[in-house]
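Chemist: So the protein sequences, as listed, match chains V and S. As numbered in UniProt numbering, residues 1 to 373 make up the first sequence, in order. As numbered in UniProt numbering, residues 1 to 288 make up the second sequence, in order. C-beta atoms are modelled at their ideal positions from N, C-alpha and C, and glycine is treated no differently.
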Amino acid sequence: MKFFEYMAKEVFRERGIPTPRGRVAASPGEAAQVAAEIGAPVAIKSQVLAGGRGKAGGIRFADTPDQAREVAAGLLGQEVRGYRVERVLVEEKLQIDRELYLGIAVDTARKSPLVIASVHGGVNIEEVPEKDIVKRPVDITLGLYPYFARGIARRLGLEGAIARQFADILTRLYRIFRDYDAELVEINPLVISGDRLIAADGRLNIDDDARFRHQDLPEVSEATELERRVREIGLSYVELDGDIAVMANGAGITMATIDVLAEYGGRAMNFLDAGGGAAVEPMAKAMAVLVSTNPKAIFVNIFGGITRCDDVANAIVTVKQQQGIPVPLVVRLVGTNEDKGVAILREHGIEAFRDMGEAARKAVELARQGGER
Amino acid sequence: MAILIDERTRVVVQGITGHQGSFHTGQMIDYGTRVVAGVSPGKEGQEVRGVPVYDTVEAAVEKHGATASIIFVPAPFTKDAVLEALDAGIKLVVVITEHVPLHDAMEIMARARLKGATIIGPNTFGVISPGKSKIGIMPNQIYTPGRVGIVARSGTLSYEIAASLTHAGFGQSTVVGMGGDRVVGLSFIDVLKMFEQDKETEAVVLVGEIGGTAEEEAAEYIKGMSKPVVAYLAGKHAPPGKRMGHAGAIIERGRGTYQSKVEALEAAGARVAALPWQVAELVREALR
Numbered sequence: 001m002k003f004f005e006y007m008a009k010e011v012f013r014e015r016g017i018p019t020p021r022g023r024v025a026a027s028p029g030e031a032a033q034v035a036a037e038i039g040a041p042v043a044i045k046s047q048v049l050a051g052g053r054g055k056a057g058g059i060r061f062a063d064t065p066d067q068a069r070e071v072a073a074g075l076l077g078q079e080v081r082g083y084r085v086e087r088v089l090v091e092e093k094l095q096i097d098r099e100l101y102l103g104i105a106v107d108t109a110r111k112s113p114l115v116i117a118s119v120h121g122g123v124n125i126e127e128v129p130e131k132d133i134v135k136r137p138v139d140i141t142l143g144l145y146p147y148f149a150r151g152i153a154r155r156l157g158l159e160g161a162i163a164r165q166f167a168d169i170l171t172r173l174y175r176i177f178r179d180y181d182a183e184l185v186e187i188n189p190l191v192i193s194g195d196r197l198i199a200a201d202g203r204l205n206i207d208d209d210a211r212f213r214h215q216d217l218p219e220v221s222e223a224t225e226l227e228r229r230v231r232e233i234g235l236s237y238v239e240l241d242g243d244i245a246v247m248a249n250g251a252g253i254t255m256a257t258i259d260v261l262a263e264y265g266g267r268a269m270n271f272l273d274a275g276g277g278a279a280v281e282p283m284a285k286a287m288a289v290l291v292s293t294n295p296k297a298i299f300v301n302i303f304g305g306i307t308r309c310d311d312v313a314n315a316i317v318t319v320k321q322q323q324g325i326p327v328p329l330v331v332r333l334v335g336t337n338e339d340k341g342v343a344i345l346r347e348h349g350i351e352a353f354r355d356m357g358e359a360a361r362k363a364v365e366l367a368r369q370g371g372e373r
Numbered sequence: 001m002a003i004l005i006d007e008r009t010r011v012v013v014q015g016i017t018g019h020q021g022s023f024h025t026g027q028m029i030d031y032g033t034r035v036v037a038g039v040s041p042g043k044e045g046q047e048v049r050g051v052p053v054y055d056t057v058e059a060a061v062e063k064h065g066a067t068a069s070i071i072f073v074p075a076p077f078t079k080d081a082v083l084e085a086l087d088a089g090i091k092l093v094v095v096i097t098e099h100v101p102l103h104d105a106m107e108i109m110a111r112a113r114l115k116g117a118t119i120i121g122p123n124t125f126g127v128i129s130p131g132k133s134k135i136g137i138m139p140n141q142i143y144t145p146g147r148v149g150i151v152a153r154s155g156t157l158s159y160e161i162a163a164s165l166t167h168a169g170f171g172q173s174t175v176v177g178m179g180g181d182r183v184v185g186l187s188f189i190d191v192l193k194m195f196e197q198d199k200e201t202e203a204v205v206l207v208g209e210i211g212g213t214a215e216e217e218a219a220e221y222i223k224g225m226s227k228p229v230v231a232y233l234a235g236k237h238a239p240p241g242k243r244m245g246h247a248g249a250i251i252e253r254g255r256g257t258y259q260s261k262v263e264a265l266e267a268a269g270a271r272v273a274a275l276p277w278q279v280a281e282l283v284r285e286a287l288r
């Protein structure tokens, strides 16, 4: 789960990391009020979960509260990088001498937290030459000590008060990383303004799997309405932009199903992983959602391991009987209890394929015919 | 020989009294796995499928000489269960549980490194040496003993490929599920090294997917391997920025793309199948 910038900065502030003075606003009037409180000039930043806001025109400046009202009115309700702007962050406009980058991510190869720092901030860290980046893994059982942070400051060539502040900020940032079960915590840019370091922008992405430890945190969802509906059933769902609805069991095979459809010239409308061992009821609910999206065809691709083919068949039949399946349906069903599953489908006039390729080809063909209808 | 496990491996099931734990204990016993004990705190003295249950892993080790553990404990308690196994001296821990927090996984791996133990998973289907033993949840009937090693990030997709190999007459030496999470115990390289050393393995199938850089790192090692490698990767048509089920399967900031992985693997001399059922044919070519 990603936090909005203003939420990340609230966490930074609570944990003693300096941030610009400012506050979030949901209306032009509120933006003007914040600008008046903190004193213009101000920066007005769209609160969206996408990077590259600046280039997309999502960050603007204002010299007076009235101007802040106008600018906010222009941003609120607009789309920036595909996200609707519902709030803006109104902040003091900083005097920027230099910009640094500071982040903590998870190094999957080393299986440990990784501190990433650079004297080139304000840009995507991927664009900074590797030689200008300091990367150091942290021993998660030890934690991040101040000496470690001082060492990184030194490697960046920072000195004096700035080096001290940098080490302090990094130590605090690591505590946030751990306390919030973060996947990523980032300050970019970390601005040198006179003799002060200030977190001018912030990201905090929290591991969804650790939600049970953080039930007090607000919910920020990037999911579409449809994605939310299927995820509430407990299944993994992602909307795509094709016209063949897909249900398979397991993330790998669902991705492979999408790829196979594409190889035959079809396009998947979604990724629906019914998971391992999904029961009849959630599968039927998920099927019903797929039907409701009105695809040109539905392709169910099951290799039953824990998932039992008769459960899948019963889920399909339930949907067929309760609401009908008005679009072409192709089922590939092999594995645990295959014979039972195939028999149940046959009783209800549904043919099951054994071969994945053959089934995928059929689904593409039916979707194409549906398009010509 | 087989890698990681064989018919002598003595297994303790943590979370044996749960729904999944008890079911798969039965499945493993049916396959021939030596399940010697189960652990469920507070349930010592019970039996599940004829297997004695203890409160602690330590008791299972002391009384039955357990050397490997399989974890069916809910995600919030998984870290505790794995640390317990490691401290009791277990050298191979298979973590079936999904949705284990990332930070817990990192702590588990750090501890395992210190203890010289191997972790498979989290979010894995386990490991099987057909005809000898299995520690996992994979369906029994699709495997057959043979000379092809399989290492995979995803479960069902690897079943698909194992079944098609079996159908084509290629048995398997060992099949290892690394797990679909970002931080997992065994990497492709770790497993490839074991297969390279294993006398019973003649060719290796690598089942990967988009996201992360594990396949690119594997390619570096494959360059120096004496045994042929066939790969299949899922996610060719997955859009960037969308997590496709697995925690690791996401193309982020342009990294972890299908194309970069295929290029790295092909440059290393691996044969890459465009479709899952082409794997068996490529294995046939490789072994010719």
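Hey, is the stretch 177-196 of chain S in contact with the stretch 223-239 of chain S, meaning 3+ C-beta pairs nearer than 8 Å?
Modeler: Counting Cβ pairs under 8 Å, three or more are found: they touch.
Chemist: Let's test the definition: count the other Cβ atoms within 10 Å of the Cβ of R373/V and tell me whether it reaches 16, buried, or not, exposed.
Modeler: What you label residue 373/V is simply residue 373 of the first sequence in a count that begins at 1. Interpretation of R373/V is limited by its pLDDT of 49, a score under 50 that renders its predicted location unreliable; no figure is taken from the coordinates.
Chemist: With distances taken between CB atoms, is the gap from R153/S to G252/V smaller than 8 Å?
Modeler: As a first step, residue 153/S is located in the second sequence; it is residue number 153 there, counting from the start. As a first step, residue 252/V is located in the first sequence; it is residue number 252 there, counting from the start. Yes.
Chemist: Using a Cβ-Cβ distance cut-off of 8 Å, determine whether P52/S contacts chain V.
Modeler: Numbered from 1 along the second sequence, position 52 holds the residue referred to as residue 52/S. No - not a single Cβ of chain V is within 8 Å of the one on P52/S.
Chemist: Check the C-beta distance from M356/V over to N314/V and give it rounded, since I have them as a contact under 8 Å.
Modeler: Start at 1 with the first residue of the first sequence, and residue 356/V comes out as number 356. Start at 1 with the first residue of the first sequence, and residue 314/V comes out as number 314. That pair is no contact at about 22 Å.
Chemist: Would you kindly report the start and end of the unbroken beta strand (DSSP E) that includes D243/V?
Modeler: Taking the first sequence and counting its residues from 1, the one referred to as residue 243/V is at position 243. That residue, D243/V, is in no beta strand (DSSP E); it is neither H nor E in DSSP.
Chemist: Could you give the DSSP three-state label for L235/V: helix, strand or coil?
Modeler: Numbered from its first residue, the first sequence carries residue 235/V at position 235. DSSP places L235/V in coil when its eight states are reduced to three.
Chemist: When you check each C-beta in the stretch 108-133 of chain V against every C-beta of chain S, which residues fall closer than 8 Å?
Modeler: Answer set for the stretch 108-133 of chain V: T108, A109, K111, S112, P113, N124, E126.
Chemist: Around the Cβ of F212/V, are there at least 16 other Cβ atoms within 10 angstroms (buried) or fewer (exposed)?
Modeler: Residue numbering aside, residue 212/V sits at position 212 when the first sequence is read from its first letter. Exposed, by the Cβ-count rule.
Chemist: Looking at chain S, which residues of the stretch 229-250 of chain V have a Cβ within less than 7 Å of any of its Cβ atoms?
Modeler: Here the close residues are S236, V238, L240, N249, G250.
Chemist: Taking 8 Å as the CB-CB limit, is V106/V close to chain S?
Modeler: Here residue 106/V corresponds to residue number 106 of the first sequence, with the count starting at 1. With 8 Å as the cut-off, V106/V counts as an interface residue toward chain S.
Chemist: CA-CA distance, A249/S and G235/S?
Modeler: Numbered from its first residue, the second sequence carries residue 249/S at position 249. Numbered from its first residue, the second sequence carries residue 235/S at position 235. Using only the alpha carbons, I get a separation of about 8 Å.
Chemist: Among A279/V, K296/V, T293/V, which residue has its Cα nearest to the Cα of I316/V?
Modeler: Position 316 of the first sequence, counted from the start, is the residue given in the question as residue 316/V. Of the listed residues, the one whose Cα sits closest to I316/V is A279/V.
Chemist: For a cutoff of 8 Å on Cβ pairs, would you count H237/S as touching chain V?
Modeler: Looking up residue 237/S in the second sequence gives position 237. H237/S counts as touching chain V.
Chemist: Would you please state the rounded distance, in angstroms, between the beta carbons of residue 289/S and T124/S? I believe it to be under 8 Å.
Modeler: The question about residue 289/S has no answer, for chain S in this structure spans 1 to 288.
Chemist: For a contact defined as C-beta to C-beta under 8 Å, what are the partners of G155/S on chain V?
Modeler: The residue given as residue 155/S occupies position 155 in the second sequence. Near G155/S (Cβ distances below 8 Å), the residues of chain V are G250, G252, G276, G305.
Chemist: Throw me the rounded Cβ distance for the P113/V and P129/V pair, which I believe falls under 8 Å.
Modeler: The count along the first sequence starts at 1 and reaches residue 113/V at position 113. The count along the first sequence starts at 1 and reaches residue 129/V at position 129. Between P129/V and P113/V the Cβ distance is about 23 Å, and since that is not below 8 Å, they are no contact.
Chemist: Take V134/V and list the residues in its own chain whose beta-carbon comes closer than 8 Å to its own, dropping the five residues that flank it on each side.
Modeler: One-based indexing of the first sequence puts residue 134/V at position 134. The residues are V115, I116, A117, S118, I152, R155, L156.
Chemist: Identify whether L261/V lies in helix, strand or coil by the three-state DSSP scheme.
Modeler: Indexing the first sequence from 1 puts residue 261/V at position 261. Looking at L261/V - three-state DSSP - the assignment turns out to be helix.
Chemist: Using a Cβ cut-off of 8 Å, which residues of the stretch 194-221 of chain S contact any Cβ in chain V, in chain order?
Modeler: Here the close residues are V207, E209, I210, G212, T213, A214, E217.
Chemist: So the candidates are I187/V, A210/V, Q215/V; which of them puts its Cα closest to the Cα of R13/V?
Modeler: Within the first sequence, residue 13/V is the residue found at index 13, counting from 1. Nearest option by C-alpha distance: I187/V.
Chemist: In its own chain, which residues sit with a C-beta less than 6 Å from the C-beta of L102/V, not counting the 5 before and 5 after it?
Modeler: Taking the first residue of the first sequence as 1, we reach residue 102/V at position 102. Cβ neighbours of L102/V beyond the five flanking positions: A117, I187, L190.
Chemist: Pick helix, strand or coil for D104/S, following the three-state DSSP scheme.
Modeler: If you number the second sequence from 1, residue 104/S lands on position 104. D104/S falls in the helix class under three-state DSSP.
Chemist: In chain order, what residues of the same chain lie with their CB nearer than 8 Å to the CB of G29/V, ignoring the 5 residues before and after it?
Modeler: On the first sequence, residue 29/V is found 29 positions in, with the first residue counted as 1. Correct list, in chain order: R69.
Chemist: Under 9 Å, CB to CB, which of the residues in the stretch 242-266 of chain S have a partner in chain V?
Modeler: Here the close residues are K242, R243, M244, G245, H246, A247, G248, A249, R253, G254, R255, Y258.
Chemist: Provide the residue span of the beta strand (DSSP E) that contains G266/V, from first to last.
Modeler: Walking along the first sequence from the start, residue 266/V turns up at place 266. It is not in any beta strand (DSSP E) - G266/V carries neither H nor E in the DSSP assignment.
Chemist: Below 7 Å between beta carbons is the criterion; list the residues of the stretch 357-370 of chain V that meet it against any residue of chain S, in chain order.
Modeler: Result list: G357.
Chemist: What three-state label does DSSP hand I17/V in the structure shown?
Modeler: Taking the first residue of the first sequence as 1, we reach residue 17/V at position 17. Of the three classes helix, strand and coil, the one that applies to I17/V here is coil, per DSSP.
Chemist: Rounded to whole angstroms, what's the CA-CA distance from V34/V to A72/V? Just pull it up for me.
Modeler: Translated into positions along the first sequence, residue 34/V becomes position 34. Translated into positions along the first sequence, residue 72/V becomes position 72. Computed Cα separation, rounded: 11 Å.
Chemist: Beta carbon of I249/V, beta carbon of F303/V: below 8 Å?
Modeler: Locating residue 249/V in the first sequence gives position 249, counting from the first residue. Locating residue 303/V in the first sequence gives position 303, counting from the first residue. The sequence given here places Asn at residue 249/V; Ile does not occur at that position. In this structure, F303/V lies closer than 8 Å to N249/V by Cβ.
Chemist: Can you tell me whether S40/S is buried or exposed? The criterion is at least 16 other CB atoms within 10 Å of its CB, across all chains shown.
Modeler: What you label residue 40/S is simply residue 40 of the second sequence in a count that begins at 1. When all chains shown are included, S40/S counts as buried.
Chemist: What is the DSSP secondary structure of R271/S, counted as helix, strand or coil?
Modeler: Here the question's residue 271/S lines up with position 271 in the second sequence. Strand, per DSSP.
Chemist: Pull up the DSSP beta-bridge partners for K134/S, would you.
Modeler: On the second sequence, residue 134/S is found 134 positions in, with the first residue counted as 1. DSSP output for K134/S lists I128/S as bridge partner(s).
Chemist: Please list, in chain order, all residues of the same chain as T6/S whose beta carbon is under 7 Å from its beta carbon, the five residues on each side excluded.
Modeler: Taking the second sequence and counting its residues from 1, the one referred to as residue 6/S is at position 6. Checking the sequence shown, residue 6/S turns out to be Asp, not Thr. So the list reads S129, K132, S133, once near-sequence residues are dropped.
Chemist: Quick check on DSSP: helix, strand or coil for K43/S?
Modeler: Your numbering for residue 43/S matches position 43 in the second sequence. If DSSP states are grouped into helix, strand and coil, K43/S belongs with coil.
Chemist: Quick check: what's the CA-CA separation for A264/S versus I222/S?
Modeler: Numbered from 1 along the second sequence, position 264 holds the residue referred to as residue 264/S. Numbered from 1 along the second sequence, position 222 holds the residue referred to as residue 222/S. Roughly 10 Å separates the two Cα atoms.
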